[in-house]
Amino acid sequence: MNPGIYNSVLVTGSNRGIGLELVRQLAESATSPSQIFAGCRDPGGPRSKALQDLAQKHSNLITVITLDTTDPVSIKEAFQVVGRKLGDGSLSLLINNAGMNIPGNLQQTGMKEMVDVYTTNVVGPMLVAKEFLPYMQRASALPGSRTGKAGSKPAIINVSTLFSSIEKCHETFSEAPMYPYRTSKAALNMLTRCMAEELKKDGILVTALHPGWVKTDMGGPQAPLTVVDSASGMLRVISSLTSEHSGTLLDWEGKGIPC
Ligand code: NDP
């Protein structure tokens with residue numbers, strides 16, 4: 007990752023999969039941020055062991071925080087914890103990575119599946135971004151954040167997917183008939199665009215990123231990309247973002263995907 011103003015980062019859903027690898031690479035980068043907040047639902051649980059081990063190894067950098075992105079109380083508590091650690095400091099990068107998928111065609115999908123997936127994939131990122139915005143606005147007030155140089159502006163990254171693309175649906179639907187997932191991530195792209203418009207005045211970029219098809223619990227073992235390659239590509243793209251990318255959907259190699 008390029009040096010820049012990404013000196014403090016919050017990653018949601020960071021106890022496994024892509025989120026965990028993003029935290030690992032951020033911490034192990036030669037130009038690592040000075041603070042990494044690794045959000046997860048259950049920091050003390052068995053599914054957070056790898057994250058806790060990583061945090062112990064980089065105890066000067068990584069703070070594990072309890073953050074259930076669908077629970078407004080949890081989000082507010084996380085905001086307080088991060089605020090105490092930041093002091094007068096700011097948050098320069100928020101990666102809304104936490105997400106879920108309940109695959110299903112029309113007959114297999116009901117209200118519960120639609121609502122649960124929408125809540126996690128759209129409402130969660132919206133609530134987290136809204137809550138942490140004051141810390142990001144502080145980052146945009148720092149000298150250097152208005153230069154227009156790649157990677158110089160605070161950024162909110164919403165982790166989306168190729169399957170969110172309405173234009174590409176005819177190419178991808180038959181392999182993945184995922185009603186709740188596709189519709190929620192299409193809505194996440196719109197959330198990205200809305201926030202990009204609204205936060206332009208604050209100098210904060212908001213970009214949706216497709217991580218590729220990645221070997222994780224969600225992506226499955228047959229996925230072609232490793233978490234290592236996906237996360238390093240995503241971080242490279244993030245560090246190259248400028249205003250022209252705000253509101254758009256890019257893949258982990260920086261190529262634009264039509265929404
Ligand atoms: P995983 O299923 O491996 O991990 C999902 C992560 O999200 C877990 O850490 C999980 O935590 C967390 N999470 C889910 N719900 C919440 C919540 N309410 N609050 C906090 N954390 C939560 O998924 P991936 O790592 O593969 O996916 C990461 C992102 O990438 C997702 O947004 C996904 O949609 C997107 N993506 C993934 C692709 C792939 O091929 N893998 C392709 C395209 C997009 P817990 O352990 O507590 O459940």
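Under the numbering used here, the residues of the sequence shown are numbered 7 to 265, in order.
Just so you know, even glycine gets a beta-carbon here, dropped at the ideal spot from N, CA and C.
Alpha-carbon to alpha-carbon, residue j and residue i
i	j	result
Gln-58	Gly-45	11 Å
Ile-24	Pro-217	8 Å
Thr-125	Leu-67	30 Å
Arg-22	Gln-113	31 Å
Arg-90	Ala-84	10 Å
Val-233	Val-17	15 Å
Phe-179	Asp-223	21 Å
Ala-36	Thr-115	46 Å
Lys-191	Thr-153	31 Å
Ala-56	Gly-93	28 Å
Asp-122	Gly-105	11 Å
Thr-69	Asp-48	14 Å
Gly-157	Glu-177	33 Å
Val-129	Gln-62	31 Å
Ser-98	Leu-139	10 Å
Leu-197	Ala-237	23 Å
Ser-54	His-251	33 Å
Leu-168	Ala-214	10 Å
Ile-263	His-64	35 Å
Ser-245	Gln-143	18 Å
Glu-74	Glu-181	Here the sequence assigns Asp to residue 74, which means Glu is not the residue at that position. So the alpha carbons of these two residues sit roughly 31 Å apart.
Beta-carbon gap between residue i and residue j smaller than 7 Å
i	j	result
Ile-108	Pro-186	yes
Ala-202	Gly-253	yes
Ser-14	Pro-39	yes
Leu-247	Leu-211	yes
Ala-135	Ile-162	yes
Leu-194	Asn-127	yes
Trp-258	Gly-239	yes
Pro-183	Asn-111	yes
Bridge partner(s) assigned by DSSP for residue i
i	result
Met-224	DSSP output for Met-224 lists no bridge partner at all.
Gly-262	Leu-256
Val-165	Leu-215
Gly-45	Ile-71
Ile-108	Paired residue(s): none; Ile-108 is not in a bridge.
Met-184	Gly-110
Asn-102	Asn-164
Nearest-angstrom beta carbon gap, residue j and residue i [assumed within contact, 8 Å]
i	j	result
Ser-151	Gly-95	Contact doesn't hold; Cβ gap of about 14 Å is too wide.
Leu-28	Ile-101	6 Å
Gln-41	Leu-241	Not quite, the Cβ-Cβ distance comes to about 16 Å (not below 8 Å), so this is no contact.
Val-88	Tyr-141	7 Å
Pro-78	Leu-26	Actually they do not touch by this definition, with Cβ atoms about 25 Å apart.
The ligand ATP heavy atom lying under 6 Å from the CB of residue i
i	result
Thr-178	As presented, the structure is devoid of the ligand ATP, carrying the ligand NDP as its sole ligands.
Can at least three beta-carbon pairs, one atom from the region 137 to 150 and one from the region 171 to 186, be found at a separation below 8 Å? no
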